[in-house]
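Adding 108 to a residue's 1-based position in the sequence shown gives its number in the numbering used here.
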Amino acid sequence: MLELRLVQGSLLKKVLEAIRDLVNEANFDCSGTGFSLQAMDSSHVALVALLLRAEGFEHYRCDRNLSMGMNLNNMAKMLRCAGNEDIITIKADDGSDTVTFMFESPKQDKIADFEMKLMDIDSEHLGIPDSEYQAIVRMPSAEFMRICKDLSSIGDTGTWIYSVGYLSLLHMDGPSSCRLNSSHFILQLSSR
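Rendered as structure tokens:
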């Protein structure tokens, strides 16, 4: 039996919206440590590795390791029916070929149940090696998203330079390539 209760349901909605354009179908693996997904995009360029730890759920019950194949576009459409403040509960019985999503308003005056058929997806778990990085940049995801959106009209790839406290864009390559000289795109980073 699987039963997960996520009070901050908007978290799952945002995560799924972020990855559904990269990966159409994937196995969600449930274990004692958490609810996870690992999948490659269709061109085998991007790897998505997601772990929602058991401690992040208000209630987490996973009696045995379970792998559930799901269509992420269908799951995202279904999750759009949940309000941003809704509590999301995910349930699956042992041996069942469906998973149930329950959306519950914070006041518990509205409850909606959705059932989704599971898929049989053949996938292998990839080992992700630990890496040493020369620099680690921490920034709000909303700011990173805004920067990527702004720069996507200029090019597909960019070269960034990091020096203590600053991250600057050197050039962008793509349909509208540009090289930035003295007027670098500069982010001042605060250390927190």
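From the three backbone atoms N, C-alpha and C, an ideal C-beta is built for every residue, glycine too.
The beta carbon of V115 lies closer than 7 Å to those of E166, I195 in the same chain, with the five residues before and after it left out. Apart from sequence neighbours up to five positions away, the residues of its chain that approach T206 with a beta-carbon distance below 7 Å are E223, M224, K225, L226, ordered along the chain. Take V131, set aside five residues on each side of it, and the residues of its chain with a beta-carbon closer than 7 Å to its own are A147, D149, V156, L180, in chain order. Separation of L259 and E193 (C-alpha to C-alpha, rounded to the nearest whole angstrom) is 32 Å.
In this structure the stretch 169-177 touches the stretch 125-144; the number of beta carbon pairs closer than 8 Å is three or more. In summary, I198 is buried, with 16 or more beta-carbon neighbours lying within 10 Å of its beta-carbon over all protein chains present. For R254, there is no enclosing beta strand (DSSP E); the residue is found in the alpha helix (DSSP H) stretching over 249-260.
Beta-bridge partners assigned by DSSP to M224: V207. As summarised for the stretch 170-195, the continuous alpha helix (DSSP H) elements at least 4 residues long and confined to that stretch are 180-187, given in chain order. Here V156 carries a strand assignment [DSSP, helix/strand/coil].
A check of alpha carbon separations from S204 across D228, I219, R161, K218 identifies D228 as the nearest. With a 10 Å radius around the Cβ and a threshold of 16 neighbouring Cβ atoms, M280 comes out buried.
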